[in-house]
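Some notes on the structure that comes next.
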């Protein structure tokens, strides 16, 4: 129902283009010069830990923060110098920032009224229906639950048919169940109205669930940009490898090349990975970090080692710990190459011998292996502060 | 004597039975209320009753006063002194408006723009309280003195011509005119306007300003549609804290005004202390109280502040 209006507004090309945009506060650089293009109509996520510059970047698009350098383009229009109220952009604030003295109806109508639109009744009604709050129109914000307030904040921004909708951690204040529900809801709304969404979040699951494209930010820089599956499967830095899901990273020495594959040695074990998936220069004798996701690995008891097919990467170790999750069991395996190798095994047929202390062989397809530059911290992007700090230094 | 010593004993043994240890907290609120209530009874309720009875007494100083339910005193007082009533309301209202116009920008500045100067400006707002009310008002006598720099400047700028034409000043004088009294009132009650305004402005979430700007409101609209409505509790309490004491004030009118600028406070003071007509003075006090109560009730209803957050 709103697609017609949306089309009219976005005819001139609605990409958001950030060119060399940066922000410094005194000697602190919140955002390093950054180039980013958000394609029109996409659901784009800026993902990173707190203090990585993602919110600052969003606020520079909104005009709430003045960039120290660079430009912001919306389509063909340079909006760098425009104050927020002149930009065709709306924001859903982290704490919603609903006007406490106005009822829901007037909160949603606020933007329309400011642009001098007289008859707002139909639009406000439609928008409240879209977010399923038609019944609550005459209530004050504090009379609504957190999830309802969140939907009002979305409605209040969306009703203006902005070229871009900016969402600043919009689900941060909601509990887990409601957050899952709102993720689907926001995705549904975005598909329905077709407006470009730029979503800031520190929750990697949220970013991967909702976004078409994710930019992973760390210490004021974009570490990597891509579709969620691409980022997950082919991380190019240890920060991305650790921040998106979990990765097992093993330091290894390049042994030789065979065809398109790179053969490396890690604590005596020979591992193979596709050259195309190695983002580090693979010179013979050089160091690389070899990575593999925990769910790609199979676990076989050492007694059955002979049954493992040829051509798979294998590492031997001893199970240090197991935790039963329900759909899967998570094993921590102590190997020579890596003291805490994580393995997630689906609970289809559980081998009772795989208990702490058991000698096991870990094996996985070489195609699931990736290689990273060994100059970076192995811990970057892990939850601990040390990892983030080291990531910043890198 | 004997009743006093006898009365307590029955109470003390009974007390432990009535209040088992678990319910001890039940009487705490009443104990906490007691000092305040005692204070109010002794220094507010009792004098009120005494004044009320005074206002309907007749007699003279020599023969003594008697309660004769002589309500005519009220009628006589109002019909004789209504100009002073009106003047009080007009002066107090003018001073309140001036306080609001001067105080709002300052409170806004302190709340949103002062940064590290915030505390210093707050101290400057309160600083006048370190000096006596009387001395500060007397200082205005010097400031507005005939032929002084202020009057001279206003004269040169031809401001006095305009104010004289409006009846606020007379000729080359500012002192002993309505303008002087209103200036004194404004000066003395300004902090009572600024403090509640600051408190309610400071509570406004800065993100609401950002949200309004994000929703196409230009800065002046942000103020009109968001900041000002949300500061209404401060505006209401500030205007009340200014208007109510200003209406009953007599110091400014007696030091900075003339016989023609007498306010109702001056009349009550002279009736009590100079004319010694206690019934009239008491009646005027009650009329003033009733009038202020009525105006304030109307104002609060009208401003609808109970609806805010």
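Residue numbers (this note's numbering), protein chains in the order written: chain A, 1 to 394; chain B, 1001 to 1309. All C-beta atoms in this analysis are idealised placements derived from N, C-alpha and C, irrespective of residue type, glycine included.
Contacts with chain A at 8 Å (Cβ-Cβ) include residue 1210 (chain B). Those residues of the segment 1196 to 1224 of chain B placed with their C-beta closer than 7 Å to a C-beta in chain A are 1205, 1207, 1208, 1210, 1211, 1213, 1214, 1215, 1216, 1217, 1218, 1221, ordered along the chain.
The C-beta distance from residue 1121 (chain B) to residue 1114 (chain B) rounds to 6 Å, short enough to fall under 8 Å. Nearest Cα to residue 1250 (chain B) within the set B:1147, B:1041, B:1130, B:1188: B:1188. Given a length threshold of 3 residues, each whole run of the beta strand (DSSP E) inside the segment 186 to 243 of chain A is given here in chain order: 196 to 201, 213 to 218, 221 to 226. The criterion of a C-beta distance shorter than 8 Å is not satisfied by residue 87 (chain A) and residue 1215 (chain B).
By the C-beta density criterion, residue 160 (chain A) is buried, having at least 16 other C-beta atoms within 10 angstroms. In this structure, DSSP gives residue 1062 (chain B) a state outside helix and strand, which the three-state scheme calls coil. Cβ proximity to chain A below 7 Å picks out 1221, 1226, 1229, 1230 from the segment 1221 to 1251 of chain B.
With a threshold of 16 other beta carbon atoms within 10 Å, residue 199 (chain A) meets it and is buried. Residue 1296 (chain B) has its alpha-carbon roughly 25 Å from the corresponding atom of residue 1225 (chain B). Put simply, the CB of residue 197 (chain A) is far from chain B, with every gap to its CB atoms at 8 Å or more.
Counting other Cβ atoms within 10 Å of its Cβ, residue 54 (chain A) reaches 16 or more and is therefore classed as buried. Between the C-alpha atoms of residue 341 (chain A) and residue 266 (chain A) there is a straight-line separation of about 13 Å. Around the beta-carbon of residue 1194 (chain B), 16 or more other beta-carbon atoms lie within 10 Å, marking it buried.
Boundaries of the alpha helix (DSSP H) harbouring residue 1051 (chain B): 1046 to 1055, taken from the DSSP string. In chain order, 1277, 1278, 1280, 1281, 1284 place their CB closer than 8 Å to the CB of residue 1271 (chain B), counting only its own chain and leaving out the 5 sequence neighbours on each side. The beta-carbon separation of residue 299 (chain A) and residue 343 (chain A), rounded to 5 Å, stays under the 8 Å limit for a contact. At a cut-off of 8 Å between beta-carbon atoms, residue 99 (chain A) makes contact with chain B. Here residue 283 (chain A) carries a coil assignment [DSSP, helix/strand/coil]. Using a Cβ-Cβ cut-off of 7 Å, residue 62 (chain A) is close to 1214 of chain B, given in chain order. The three-state reading of DSSP puts residue 99 (chain A) in coil, since its state is none of H, G, I, E or B. Residue range 1232 to 1248 is occupied by the alpha helix (DSSP H) that includes residue 1237 (chain B). Inclusion of residue 247 (chain A) and residue 291 (chain A) in the CB contact set at 8 Å is warranted, their separation being smaller than that value. The secondary-structure analysis by DSSP pairs residue 264 (chain A) across a beta bridge with A:254, A:271. DSSP places residue 45 (chain A) outside any alpha helix (DSSP H); the residue lies instead in the beta strand (DSSP E), whose first and last residues are 43 to 47. Residue 1190 (chain B) places its beta carbon less than 8 Å from that of residue 1103 (chain B).
For a Cβ distance threshold of 9 Å, nothing in chain B lies close to residue 67 (chain A): the least Cβ distance comes to about 16 Å.
Under the Cβ criterion (8 Å, minimum of three pairs), the segment 111 to 128 of chain A counts as touching the segment 149 to 168 of chain A. Interface with chain B (8 Å Cβ-Cβ cutoff): residue 145 (chain A) is excluded. Residue 151 (chain A) is outside the set of residues whose beta carbon lies under 8 Å from a beta carbon in chain B.
Around the beta carbon of residue 1030 (chain B), fewer than 16 other beta carbons sit within 10 angstroms, so the residue counts as exposed.
The criterion of a C-beta distance shorter than 8 Å is satisfied by residue 75 (chain A) and residue 15 (chain A). Within the segment 45 to 80 of chain A, the complete beta strand (DSSP E) segments at least 3 residues long are 69 to 74, listed from N- to C-terminus.
Setting aside the 5 residues that flank it on each side, residue 1209 (chain B) is surrounded in the same chain by 1222, each with a C-beta closer than 6 Å to its C-beta; the list follows chain order.
For residue 189 (chain A), the closest C-alpha among the options A:42, A:376, A:31, A:27 is that of A:42.
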